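Protein chains in written order, with my numbering: chain R, 9 to 163; chain D, 9 to 163; chain W, 9 to 163; chain V, 9 to 163.
Number of protein chains: 4
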Amino acid sequence: MKTLTPAPPLDVSEWLNSQHGISLASLRGRAVMICAFQLLCPACVELGLPQAKRVRTLFAEQDLVVLGLHTLFEHHGAVTKATLEAFLHENRIRFPVGIDRNDGTSAIPKTMQTYNLQGTPTTLLINKQGLITRQHLGHIPDLQLGAEIMALIAE
Amino acid sequence: MKTLTPAPPLDVSEWLNSQHGISLASLRGRAVMICAFQLLCPACVELGLPQAKRVRTLFAEQDLVVLGLHTLFEHHGAVTKATLEAFLHENRIRFPVGIDRNDGTSAIPKTMQTYNLQGTPTTLLINKQGLITRQHLGHIPDLQLGAEIMALIAE
Amino acid sequence: MKTLTPAPPLDVSEWLNSQHGISLASLRGRAVMICAFQLLCPACVELGLPQAKRVRTLFAEQDLVVLGLHTLFEHHGAVTKATLEAFLHENRIRFPVGIDRNDGTSAIPKTMQTYNLQGTPTTLLINKQGLITRQHLGHIPDLQLGAEIMALIAE
Amino acid sequence: MKTLTPAPPLDVSEWLNSQHGISLASLRGRAVMICAFQLLCPACVELGLPQAKRVRTLFAEQDLVVLGLHTLFEHHGAVTKATLEAFLHENRIRFPVGIDRNDGTSAIPKTMQTYNLQGTPTTLLINKQGLITRQHLGHIPDLQLGAEIMALIAE
């Protein structure tokens with residue numbers, strides 16, 4: 009039997025689409041899905057983010073929290089907070105999106121390092137106890153993702 | 009709170025892709041999905057049956073039973089058992105498919121009458137206690153269907 | 009430079025969606041597209057026939073004739089003229105469809121033999137002079153097919 | 009009969025994916041397709057640009073010139089030349105893309121004004137004589153676009 013790992017804190021420099029900061033610790037008792045993306049990543053735009061929007065629409069907020077995490081690890085000079093804000097507006101992404109912190113010491117931002125994310129899009133699922141049940145680079149088919157999320161909600 | 013209805017017995021004249029007859033009563037303890045279809049129904053071919061195949065692939069047989077039900081209610085002269093067998097072969101449908109019984113007294117076959125199915129494709133979900141949790145004419149998005157099935161499995 | 013082959017006559021036992029028989033010879037001066045299909049062929053139903061319907065909608069009848077050809081070479085006992093009629097009705101295929109003649113001497117019907125068709129779906133394009141410019145088993149992307157048809161119309 | 013309008017010069021501040029500037033006048037004798045887009049426009053990313061890439065792949069360069077035109081008319085502060093360069097790289101857009109000139113007097117860049125473009129994506133087709141045969145806001149189905157381009161090539 010696999011031992012699940014606790015989800016480390018998100019190290020986010022700023023939250024968009026949210027009035028206040030968001031900590032995973034404060035979300036215990038609810039399932040959490042995080043879509044780690046970059047706005048210039050084609051598979052994120054085509055698959056990952058539309059799926060996250062569908063997930064947000066289908067499940068109730070009290071059952072499932074959906075978060076975006078902008079893990080910019082390439083094209084740093086090409087993308088600013090203003091770019092991300094405009095992107096979220098144009099793509100009608102209304103769930104909270106954290107900007108993964110970059111303190112200038114590495115191309116890889118902090119949360120991406122902590123979670124050892126291998127690229128974008130990555131889908132993270134965290135259960136009500138705050139344990140990571142899924143960390144997947146690439147696409148998870150809708151049927152499977154719906155089932156995995158419901159398994160967390162039903163626990 | 010909604011009271012769930014027990015799933016009536018399937019009145020099937022013959023089962024394809026199965027060595028023996030199948031009764032819902034014998035499936036207690038497992039979730040059941042039934043895809044009611046007609047082989048000349050475009051939405052069944054495009055949406056319903058491919059989805060049922062994805063469901064069969066994703067979930068384990070001990071958790072979920074997937075059945076097809078050929079509820080022929082139009083074009084009776086155009087479709088025979090041989091047509092259905094060739095159709096299942098060409099579309100690589102390997103799960104059991106029951107031929108909804110027609111005793112010649114009505115265009116509507118027996119199970120379709122009992123369940124009051126309004127057309128095809130219809131998706132039926134039955135929980136481990138044999139109660140109908142879902143009867144939907146048309147398409148259920150994959151994300152939602154995956155979640156509904158997992159809710160039944162997790163019960 | 010490739011020498012084009014004259015399109016042999018279609019050997020059709022019956023035309024559906026047409027008040028009268030159709031001969032290629034009578035269509036000189038117009039481009040012709042033929043979609044050779046079987047109603048139980050999944051790729052025909054998913055790709056070939058929907059594309060033929062789009063082609064029929066886009067181009068004017070005086071510029072382009074669109075024909076279906078039901079080249080039944082397998083599951084003979086499973087498909088009758090009534091099956092085909094119901095299929096055309098359900099799939100809203102309104103262009104003429106010929107039933108490729110089978111005189112009982114071979115599983116392969118006559119026109120399929122003459123054209124040496126290798127399977128279904130096959131797309132045939134015939135120019136205004138009655139020469140075959142294209143015979144393709146499988147799918148031709150819409151962009152390319154639109155261009156090829158217009159090349160014939162513009163000649 | 010409709011009188012066609014000559015395509016005005018493109019007023020571009022810089023060309024990407026090209027060693028040198030490009031003038032429509034220099035392209036006489038070849039058909040030209042221009043995809044006017046913004047990199048934060050979802051329909052451009054989902055439909056317009058992938059189609060332009062398919063067009064570039066299908067037709068020969070000597071028959072058809074494919075150009076992108078980045079007509080930034082909103083989110084000016086969010087998108088720089090570096091953003092566009094990274095976007096083209098990530099989306100593997102290899103055909104020349106002009107940055108529609110903005111001299112700071114209007115949100116609407118110069119070529120967009122001259123052509124009276126109403127938004128993005130807009131597809132422009134220009135024939136061998138330099139006349140505009142098509143200016144369409146939104147999506148043109150592949151079948152139709154393939155036919156329209158071939159009509160220009162065949163002239």
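Each residue gets a CB set at the ideal place from its N, CA and C atoms; glycine is no exception.
All values derive from a computational prediction rather than experimental measurement.
Hey, quick one: how far does the beta strand (DSSP E) through residue i stretch, first residue to last?
i, result
"V:Q143", "L139 to L145"
"R:G76", "L72 to H78"
"D:E98", "Careful: D:E98 lies outside any beta strand (DSSP E), inside the alpha helix (DSSP H) at K89 to E98."
Compare the C-beta of residue i with all C-beta atoms of chain V and state if any pair is closer than 8 Å.
i, result
"W:V74", "no"
"R:N99", "yes"
"W:V63", "yes"
"R:F95", "yes"
"W:P104", "no"
"R:A115", "no"
"W:M41", "no"
"W:P17", "no"
"W:D150", "yes"
Quick one: give me the first and last residue of the alpha helix (DSSP H) that residue i is part of.
i, result
"R:D150", "D150 to A162"
"R:L48", "Careful: R:L48 lies outside any alpha helix (DSSP H) and carries neither H nor E."
"R:V63", "L57 to L66"
"R:T128", "Segment: none, R:T128 is in no alpha helix (DSSP H) and carries neither H nor E."
"V:A27", "A small correction: the amino acid at residue 27 of chain V is Gln; Ala does not occupy that position in the sequence shown. Careful: V:Q27 lies outside any alpha helix (DSSP H) and carries neither H nor E."
"V:T119", "K118 to Y123"
Using DSSP bridges, identify the partner residues of residue i.
i, result
"W:I134", "W:V40 and W:I140"
"V:I107", "V:E22 and V:H78"
"W:P14", "W:L139"
For residue i, which option in the options has the closest C-alpha, if you only look at C-alpha atoms?
i, options, result
"V:P17", "V:I161, V:P104, V:L139 and V:E163", "V:L139"
"R:T119", "R:L35, R:F81 and R:E156", "R:F81"
"W:D111", "W:A90, W:K61, W:T79 and W:P129", "W:T79"
"W:N124", "W:A15, W:A159 and W:T11", "W:A15"
"R:T91", "V:H83, V:V40 and V:L75", "V:H83"
"W:N135", "W:S31, W:I101, W:V40 and W:A60", "W:V40"
"D:L48", "D:R109, D:W23 and D:A94", "D:A94"
"W:L57", "W:V74, W:L12 and W:R36", "W:V74"
"W:P117", "W:R100, W:H147 and W:V20", "W:V20"
"V:L160", "V:P104, V:Q137, V:D150 and V:N25", "V:Q137"
"V:F103", "V:V63, V:G127 and V:T131", "V:V63"
"W:E22", "W:A115, W:L77 and W:T130", "W:L77"
"R:A51", "V:L132, V:T11 and V:R100", "V:R100"
With a threshold of 8 Å between beta carbons, is residue i in contact with chain R?
i, result
"D:P50", "no"
"D:L153", "yes"
"D:I30", "no"
"D:D158", "Checking the displayed sequence, the identity of residue 158 of chain D turns out to be Met instead of Asp. So yes, D:M158 belongs to the interface."
"D:A68", "no"
Is the CB of residue i under 8 Å away from at least one CB in chain D?
i, result
"W:G85", "yes"
"R:A60", "no"
"W:V53", "yes"
"R:D71", "no"
"R:A162", "yes"
Tell me, please, whether the CB atom of residue i is closer than 8 Å to any CB atom in chain W?
i, result
"D:A90", "yes"
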